[in-house]
Amino acid sequence: MVLITHDLGVVAESCDRVVVMYAGRKVEEADVVDLFDRPLHPYTRALMLSMPAMNTRSRRLSEIPGMVPAPHELGRGCAFAARCAYANDRCRANIPELTEHGAGHVVACFAVEENRLPLHEKVLA
Ligand code: SF4
């Protein structure tokens, strides 16, 4: 069964594997436990930060500023670049390919590939 949703709570409860899509492309895929333990793509991390947590009272939910680009607005580079705190010239000029980072965990991101993404940090521009 395939489930398409933005609700990560539903994903966590219902799915074995997760494919994260952005602007029509797969940007990350992993086993559900691995994805929630170790989200790699900045968009995946931003989605996680926008989830309400049951065990904290005051954390303000973060939102992802800007909009997903329409197909005719896509440039040469990574579709998330305008919203990503880690975008650089390489990101704006090239589309990252999916590469494996752990068994069955693939991600398309130059910052991950170059090891310049801190484990937990600000992910949005
Ligand atoms: S770091 Fe670069 S490749 Fe990775 S999501 Fe941000 S803009 Fe895209």
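Count along the sequence shown starting at 1, add 588, and that's the number in my numbering. Every residue gets a Cβ at the ideal spot worked out from N, C-alpha and C, and that includes glycine.
Express the C-alpha separation of residue j and residue i in angstroms, rounding to a whole number.
i, j, result
"V599", "L591", "8 Å"
"D702", "M589", "It should be pointed out that residue 702 corresponds to Glu in this sequence rather than to Asp. Their backbone Cα atoms lie some 35 Å apart in a straight line."
"L596", "G690", "21 Å"
"L628", "E616", "8 Å"
"S602", "M609", "18 Å"
"V621", "D604", "8 Å"
Which residues mark the beginning and the end of the alpha helix (DSSP H) in which residue i is found?
i, result
"A618", "It is not in any alpha helix (DSSP H) - A618 instead sits in the beta strand (DSSP E) that spans 613–619."
"C679", "677–681"
Assuming residue i contacts residue j (C-beta within less than 8 Å), just tell me the rounded distance between them.
i, j, result
"A611", "P657", "6 Å"
"P706", "A696", "Actually they are not in contact, since the Cβ atoms of P706 and A696 sit about 19 Å apart, beyond 8 Å."
"G665", "C679", "5 Å"
Report buried or exposed for residue i, applying the criterion of at least 16 other Cβ atoms within 10 angstroms of its Cβ.
i, result
"R671", "buried"
"T593", "exposed"
"A681", "exposed"
With a threshold of 6 Å on Cβ separation, who are the neighbours of residue i within its own chain once the five nearest residues in sequence on each side are excluded?
i, result
"K614", "V607"
"A675", "A669"
"L686", "V694, A696"
Could you please give the first and the last residue of the uninterrupted beta strand (DSSP E) stretch that includes residue i?
i, result
"R605", "605–610"
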